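Novice:
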Amino acid sequence: MKKIAGQNWAILAVLVAGLFLVSCSHNAGTTTGSQTVLINGAGSTFGYPIYSRWADDFHKLHPNVEINYQSVGSGAGIRQLLAGTVDFGASDAPMTDAQLAQSKSPVLHFPTVLGAVVPTYNIPGISAELKFTSQALAGVFLGKITKWNDPAIARANSGLKLPSATIVVIHRSDGSGTSFIWTDYLSKVSVDWKNTVGSGTSVNWPVGLGGKGSEGVTGLIQQTPNSIGYVELTYAIQNHILFGALQNSSGEFVKASLESVTAAAASAADSMPKDFRVSITNAPGKDAYPIASFTWLLVPTTIPDVAKRDDIKKFLHWMLAEGQNDAEPLAYAKLPTDVTAKEDASISEIH
Amino acid sequence: MPARAHVAELAPSLRPLRILWDRLRRGDEIAHVVTLIFASTVVGITALLVYQLWIQSALSRQKFGWAFFATRVWDPVAGQFGALPFLYGTLLTSAIALLLAVPLGLGTAIFLSEFPLARFSDAFAFLVDLLAAVPSVIYGLLGIFVLAPWLRVSVEPVLSSRLGFLPLFRGPAFGVGFLAAGLILAVMVVPFIVSVSREVLISVPREQREAALAVGATRWEMISRVVVPFAKTGIIGSVFLALARALGETMAVTMVIGNDPKISASLFAPGYSIAAVIANEFTEATGNLYLSALIELGLVLFLVTFVLNGLARLLVLATAQRGSIQG
Amino acid sequence: MSLRGRWRKFVNAAMLGITALFAITTVSVLFFILGYLAYHGGKNVTWNFFTRLPAPVGEPGGGMANAIIGTAKLLFVALVIGAPVGIFSGVYLSEFGGKGPSFFVRYTADLLNGVPSIVIGIFAYAVIVMRAQHFSTLAGGFALGVMMIPIILRSTEQFLKAVPRPLREGAMALGSSKWRTVLTVVVPAASSGIITGVMLALARIAGETAPLLFTAFSDRYWSSGFNQPIASLPVMIYTYAIGPYKDWHEQAWTAGLVLLGLVFVLNVATRLVFVRKIAAFS
Chain A
1 MKKIAGQNWA ILAVLVAGLF LVSCSHNAGT TTGSQTVLIN GAGSTFGYPI
51 YSRWADDFHK LHPNVEINYQ SVGSGAGIRQ LLAGTVDFGA SDAPMTDAQL
101 AQSKSPVLHF PTVLGAVVPT YNIPGISAEL KFTSQALAGV FLGKITKWND
151 PAIARANSGL KLPSATIVVI HRSDGSGTSF IWTDYLSKVS VDWKNTVGSG
201 TSVNWPVGLG GKGSEGVTGL IQQTPNSIGY VELTYAIQNH ILFGALQNSS
251 GEFVKASLES VTAAAASAAD SMPKDFRVSI TNAPGKDAYP IASFTWLLVP
301 TTIPDVAKRD DIKKFLHWML AEGQNDAEPL AYAKLPTDVT AKEDASISEI
351 H
Chain B
1 MPARAHVAEL APSLRPLRIL WDRLRRGDEI AHVVTLIFAS TVVGITALLV
51 YQLWIQSALS RQKFGWAFFA TRVWDPVAGQ FGALPFLYGT LLTSAIALLL
101 AVPLGLGTAI FLSEFPLARF SDAFAFLVDL LAAVPSVIYG LLGIFVLAPW
151 LRVSVEPVLS SRLGFLPLFR GPAFGVGFLA AGLILAVMVV PFIVSVSREV
201 LISVPREQRE AALAVGATRW EMISRVVVPF AKTGIIGSVF LALARALGET
251 MAVTMVIGND PKISASLFAP GYSIAAVIAN EFTEATGNLY LSALIELGLV
301 LFLVTFVLNG LARLLVLATA QRGSIQG
Chain C
1 MSLRGRWRKF VNAAMLGITA LFAITTVSVL FFILGYLAYH GGKNVTWNFF
51 TRLPAPVGEP GGGMANAIIG TAKLLFVALV IGAPVGIFSG VYLSEFGGKG
101 PSFFVRYTAD LLNGVPSIVI GIFAYAVIVM RAQHFSTLAG GFALGVMMIP
151 IILRSTEQFL KAVPRPLREG AMALGSSKWR TVLTVVVPAA SSGIITGVML
201 ALARIAGETA PLLFTAFSDR YWSSGFNQPI ASLPVMIYTY AIGPYKDWHE
251 QAWTAGLVLL GLVFVLNVAT RLVFVRKIAA FS
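Protein chains in written order, with this note's numbering: chain A, 1 to 351; chain B, 1 to 327; chain C, 1 to 282.
(1) What number of angstroms, rounded off, separates the C-alpha of residue 353 of chain A from the C-alpha of residue 286 of chain B?
(2) Do we get a CB-CB distance below 7 Å when we pair residue 364 of chain B with the residues of chain C?
(3) Apply the 10 Å Cβ neighbour rule to residue 274 of chain A and answer buried if 16 or more other Cβ atoms are within range, or exposed otherwise.
(4) At the 7 Å Cβ level, is residue 212 of chain A part of the contact set with chain C, yes or no?
(5) Check the C-beta distance from residue 120 of chain A over to residue 242 of chain A and give it rounded, since I have them as a contact under 8 Å.
(6) Assuming residue 241 of chain C contacts residue 133 of chain B under a Cβ cut-off of 8 Å, what Cβ separation, rounded to an integer in Å, is found between them?
(7) With 16 other CB atoms within 10 Å as the buried threshold, where does residue 30 of chain B fall?
(8) Any C-beta of chain B within less than 7 Å: which residues of the segment 67-100 of chain A qualify?
(9) Would residue 207 of chain B be called buried (16 or more neighbouring beta carbons within 10 Å of its own) or exposed?
(10) Can you list, in chain order, the residues of the segment 75-102 of chain B whose Cβ is nearer than 9 Å to any Cβ on chain A?
(11) Suppose the cutoff is 6 Å on Cβ atoms and the five residues either side in sequence are ignored; what does the same chain contact list for residue 66 of chain C look like?
(12) Just confirm the distance between the C-beta atoms of residue 265 of chain A and residue 336 of chain A, as a whole number of angstroms; I'd bet it's less than 8 Å.
(13) Determine which residues of the segment 161-188 of chain A have a Cβ less than 7 Å from any Cβ of chain B, and write them out in chain order.
(14) My guess is that residue 94 of chain B and residue 296 of chain B are in contact by the Cβ rule of under 8 Å, so how many angstroms apart are they, rounded?
(15) Say whether chain C places a C-beta atom closer than 7 Å to the C-beta of residue 222 of chain B.
(16) Using 7 Å as the limit for Cβ to Cβ distance, is residue 16 of chain A near chain B?
(17) Does DSSP classify residue 151 of chain A as helix, strand or coil?
(18) Quick test of your reading: residue 107 of chain B and residue 205 of chain C, contact by CB under 8 Å. State the CB separation rounded to the nearest angstrom.
(19) Give me the Cα-Cα distance between residue 227 of chain A and residue 103 of chain A, rounded to the nearest whole angstrom.
(20) Taking only beta-carbon positions, decide if residue 133 of chain C is within less than 7 Å of chain A.
(21) Considering Cα atoms alone, identify which of A:52, A:111, A:299 is closest to residue 334 of chain A.
(22) Roughly how many whole angstroms lie between the Cα atoms of residue 330 of chain A and residue 234 of chain A?
(23) Per DSSP, residue 295 of chain A is paired with what?
(24) Would residue 32 of chain B be called buried (16 or more neighbouring beta carbons within 10 Å of its own) or exposed?
(25) Give the range of the beta strand (DSSP E) segment to which residue 167 of chain A is assigned.
(26) Which runs of the alpha helix (DSSP H), 4 residues or longer, sit entirely within the segment 24-104 of chain B?
(27) Would residue 57 of chain C and residue 163 of chain A qualify as a contact pair, given that the criterion is a beta-carbon distance under 7 Å?
(28) Look up residue 121 of chain A in the DSSP assignment and say whether it is helix, strand or coil.
(29) Helix, strand or coil: how does DSSP classify residue 229 of chain A here?
(30) Find the nearest neighbour of residue 259 of chain C within the set C:41, C:3, C:31, judged by alpha-carbon distance.
(31) Beta-carbon of residue 38 of chain B versus every beta-carbon of chain C: anything under 7 Å?
(32) Counting only beta-carbon atoms, is residue 4 of chain B nearer than 7 Å to chain C?
(33) At the level of alpha carbons, what is the spacing between residue 95 of chain C and residue 187 of chain C?
(34) Go ahead and label residue 169 of chain C buried or exposed: buried means 16 or more other beta carbons lie within 10 angstroms of its beta carbon, across all protein chains shown.
(35) Give the DSSP-derived three-state secondary structure of residue 12 of chain C in the structure shown.
(36) Which residues in the same chain as residue 244 of chain B place their Cβ atom closer than 6 Å to its Cβ, once the five residues preceding and following it in sequence are excluded?
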């Protein structure tokens, strides 16, 4: 009996020791050279593709800096920044005054790139690009237009034979900057929307299925026939799902592209406020895409950890210079140069 | 040892002290205290958990009161939070799950407990235990890529064309929704019903069975008229246990329920459950009221499973005792 | 044979047949899951999967090496927290506790066992993450450890109680004090059972996702020490499964297969090694 018990304890000890060794195993490999600095960031899924790219590139340039960016949604980015559990947040919705007031140290907004939110759809048998008027889009998301062949949609798409299938609306289930941009636009173009739903990172959606993150919404659209949803342009392009053109404030149908987003940004560049919190949805201009936005990194002005602070500043400078070259391959628009200049200046406010 | 001698000379009223001292020297009291400390940790952790849920949900409890459970609006923009859609989704999906899992689980348990080859039955029971060990997120993975497309393409259209006169089976087929979540939950809770019911059924005394067979009952008559009625409370206990499991299940449900806080009669419609909304929104709840409302949902979930688990244990215990008294 | 007699025989056969069918259905679900995961995940079980870090989003390739180590680390922390508390409390219940206190502790443990894992996550977030101001392996491991405690506690108690009386009395008669008897006779006699409980608890929490979402969070890189966020297999499966990328889906299947393999190996090994020993005792 003693022998069996001895064996048993030995097995348990080996298990614990084994787990412990595995736990420590990789540290030996990574601690060569200087001390690794881990910077934790979380938030926007809108910017995730480029942030993930940047983190990787920056890590190659500075092997001792690891930027762990988790795409949990803009709402979560803001929340975790306020809770102090991450070093920086990322959001496509600027923080509200109420949120800023909750923060222990002032928070700076750094625009990183510009992106577009596009209406994506999956209609069996339709491979053409649809055109949406702002009223049609608001109607669909309000649940007032329920069939794909509704005149409000069909009128702008003469020549296409739309099915009489029920429209499946797909929206974000998590707090999302993409949702903010989308609802911000709908509030500007539809009084109905403004009064019944409003704009925010998470709203009380009148209809639809909820998907978690831009990843989740894209996934749901791919898997649900006759669906419509909204995601950042990159997700639509990378995943080969169709997206439609939108009628802008000048009445033109414009498809999201680097040019049309840049055109929308041009209108805002001159009126950029000092804290960079600006909305450019439904921007004026014939070529401007109406649902474009800056996306921001949220960085507290006070970062007590010196190593982290220096690396975050280094990263911000790099992001505004070389980093911008990563934007276009991923279908984001570069920042206007006078904006990057202003941002460069405000990096010095971090101490 | 002088100390001991001193104690021995003390007044008789202090004798208990001496006994204590003796036991302390032998180490028994120390062992008692050490293990007691660990046992208290268990109580302490649980108490702290309840306390945290209680105080962190204070804001929401004060603001909404009981109306929290009767409000169907979940509007983070307006700061309006009601638990009704989540309660509805949780209860509906669990009901679907039990409706399917109880017959399936009970049938399996009967087969396993009454099957003559004990070795075979044990191996089978082990496979069922393995089924219970499959992680929730893997059920979710299969739910997204296998179950939901199958429901959307093959099941829901057929159901709605045949049974569309019932509001339950009306509306467009999404694949994800109450039905998908209910089905996944059914598969997930079957092993719990099987393993607990099987034990309860096995504990039915032999004399009871033999008496039934002696008067000429068939095997099935013995099972349905003697064994199952005898084990009834225990079986109900296993169902309660399964229900508690289903109510609190998070990942698989989050992945297939559709995540939309709506109350719909149609089983095809997307919904939301308490656990799923916490998983989705807990990290991002901006604003203290929002967070507090989510934690209140956690508190509700805790209380419901608490009551159900308590009932289940009592019922299982009752049957086991009956078996041992009569057996 | 009378008509009624035949009818009864028919019902008997039919109902027993149905229960057999149900049993086969239940078990075939297991084989379906295994088969499906093996089919979809099997083809991508490559060296890279076990040795590489995840690729940047949208790019193919990469692996889940950090998540595999992450899961091991989380299990280690959980084991270090859960096993001692569970085992010692089990010893208390079986050997030292009075009737009243034991009932109370046992009841609390059952209560804790029934708490949904997502609620445990909230708890760990409130007491560790909020206090420490960051996500960490420690917080995730704590959440998992708390989930292990009641499972280990109940199985320890059960197996200690099953140790035959004569064995204890023999030791006591030789003048051994109670704690010595417990330590040298009772616990060793029940050791196979106790370890079975620990292993099964480990298998149960290895696949837990919900309590990790806002405690361990996730990490793109290697997480050093125990004070940083960390990736884990279940969370990676979740993130990759709901994502839009084909490559992610494939990796989610592979990760699912690896995770399921881990859980099953723990279960089967426990059964082969320890449950057999328990049987040998009784």
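Positions of the beta carbon are idealized from the N, C-alpha and C atoms, including for glycine.
Keep in mind it's a predicted model, so treat the numbers as computed, not measured.
Specialist: Once the coordinates are examined:
(1) Residue numbering for chain A in the displayed model covers 1 to 351; residue 353 of chain A lies beyond these limits and cannot be assessed.
(2) There is simply no residue 364 of chain B to check, as chain B begins at 1 and stops at 327 in what is shown.
(3) Position 274 of the first sequence, counting from 1, holds the residue named residue 274 of chain A. Label assigned to residue 274 of chain A: exposed.
(4) For the purposes of this step, residue 212 of chain A is taken as the residue at position 212 of the first sequence. Taking Cβ atoms only, chain C reaches closer than 7 Å to residue 212 of chain A, which makes this a yes.
(5) Looking up residue 120 of chain A in the first sequence gives position 120. Looking up residue 242 of chain A in the first sequence gives position 242. The distance from the Cβ of residue 120 of chain A to that of residue 242 of chain A is about 6 Å, consistent with a contact at the 8 Å cut-off.
(6) As a working note, residue 241 of chain C is residue 241 in the third sequence. As a working note, residue 133 of chain B is residue 133 in the second sequence. Not confirmed; about 19 Å, so no contact.
(7) Here residue 30 of chain B refers to the residue found at position 30 when the second sequence is read from its first residue. Note on residue 30 of chain B: under 16 other CB atoms within 10 angstroms of its CB, so exposed under the neighbour-count rule.
(8) Flagged, chain order: 72, 73, 75, 76, 78, 79, 80, 99.
(9) Within the second sequence, residue 207 of chain B is the residue found at index 207, counting from 1. Label assigned to residue 207 of chain B: exposed.
(10) Along the segment 75-102 of chain B, going in chain order, the ones with a CB nearer than 9 Å to a CB of chain A are 75, 76, 77, 78, 80.
(11) On the third sequence, residue 66 of chain C is found 66 positions in, with the first residue counted as 1. Around residue 66 of chain C: 53, 222, 231.
(12) Mapped onto the first sequence, residue 265 of chain A falls at position 265. Mapped onto the first sequence, residue 336 of chain A falls at position 336. Sure, about 6 Å apart at Cβ, within 8 Å.
(13) Of all residues in the segment 161-188 of chain A, 166, 168, 173, 174, 175 have a Cβ within less than 7 Å of some Cβ in chain B.
(14) The residue given as residue 94 of chain B occupies position 94 in the second sequence. The residue given as residue 296 of chain B occupies position 296 in the second sequence. That pair is no contact at about 20 Å.
(15) Stepping through the second sequence from its first residue, residue 222 of chain B is reached at position 222. No, no contact with chain C.
(16) For this step, residue 16 of chain A is matched to residue 16 along the first sequence. Closer than 7 Å: no.
(17) If you number the first sequence from 1, residue 151 of chain A lands on position 151. Three-state DSSP puts residue 151 of chain A in a helix.
(18) Position 107 of the second sequence holds residue 107 of chain B. Position 205 of the third sequence holds residue 205 of chain C. Actually they are not in contact, since the Cβ atoms of residue 107 of chain B and residue 205 of chain C sit about 30 Å apart, beyond 8 Å.
(19) Within the first sequence, the letter at position 227 stands for residue 227 of chain A. Within the first sequence, the letter at position 103 stands for residue 103 of chain A. Going by the C-alpha atoms only, they are around 39 Å apart.
(20) Indexing the third sequence from 1 puts residue 133 of chain C at position 133. Yes, residue 133 of chain C counts as interfacial toward chain A.
(21) For the purposes of this step, residue 334 of chain A is identified with residue 334 of the first sequence, where counting begins at 1. Ranking A:52, A:111, A:299 by Cα distance to residue 334 of chain A puts A:111 first.
(22) The residue labelled residue 330 of chain A in the question sits at position 330 within the first sequence. The residue labelled residue 234 of chain A in the question sits at position 234 within the first sequence. Each residue's Cα considered, the two are about 6 Å apart.
(23) Here residue 295 of chain A refers to the residue found at position 295 of the first sequence. Answer is A:113, bridged to residue 295 of chain A.
(24) What you label residue 32 of chain B is simply residue 32 of the second sequence in a count that begins at 1. With 16 or more other Cβ atoms within 10 Å, it is buried.
(25) As a first step, residue 167 of chain A must be located in the first sequence, where it is residue number 167. Neither: residue 167 of chain A is in no beta strand (DSSP E) and is coded neither H nor E.
(26) For the alpha helix (DSSP H) assignment, the uninterrupted runs of no fewer than 4 residues enclosed by the segment 24-104 of chain B are, from N- to C-terminal side, 28-56, 58-64.
(27) Within the third sequence, residue 57 of chain C is the residue found at index 57, counting from 1. Within the first sequence, residue 163 of chain A is the residue found at index 163, counting from 1. In this structure, residue 163 of chain A does not lie closer than 7 Å to residue 57 of chain C by Cβ.
(28) Stepping through the first sequence from its first residue, residue 121 of chain A is reached at position 121. Of the three classes helix, strand and coil, the one that applies to residue 121 of chain A here is strand, per DSSP.
(29) By one-based count along the first sequence, residue 229 of chain A stands at place 229. If DSSP states are grouped into helix, strand and coil, residue 229 of chain A belongs with the strands.
(30) Position 259 of the third sequence, counting from 1, holds the residue named residue 259 of chain C. Measuring from the Cα of residue 259 of chain C, the nearest candidate turns out to be C:41.
(31) Residue 38 of chain B sits at position 38 when you count from the first residue of the second sequence. For residue 38 of chain B, the closest Cβ of chain C is nearer than 7 Å.
(32) To locate residue 4 of chain B, count along the second sequence from 1; it is residue 4. Note that residue 4 of chain B scores 49 on pLDDT, short of 50, meaning its location in the model is unreliable; the coordinates nonetheless yield the value given after this. Cβ-Cβ to chain C under 7 Å: no for residue 4 of chain B.
(33) The residue given as residue 95 of chain C occupies position 95 in the third sequence. The residue given as residue 187 of chain C occupies position 187 in the third sequence. One C-alpha to the other measures close to 10 Å.
(34) In the third sequence, the residue the question calls residue 169 of chain C occupies position 169. That one is exposed.
(35) Here residue 12 of chain C refers to the residue found at position 12 of the third sequence. The DSSP-derived three-state label of residue 12 of chain C is helix.
(36) As a first step, residue 244 of chain B must be located in the second sequence, where it is residue number 244. So the qualifying residues of the chain are 305, 308, 309.
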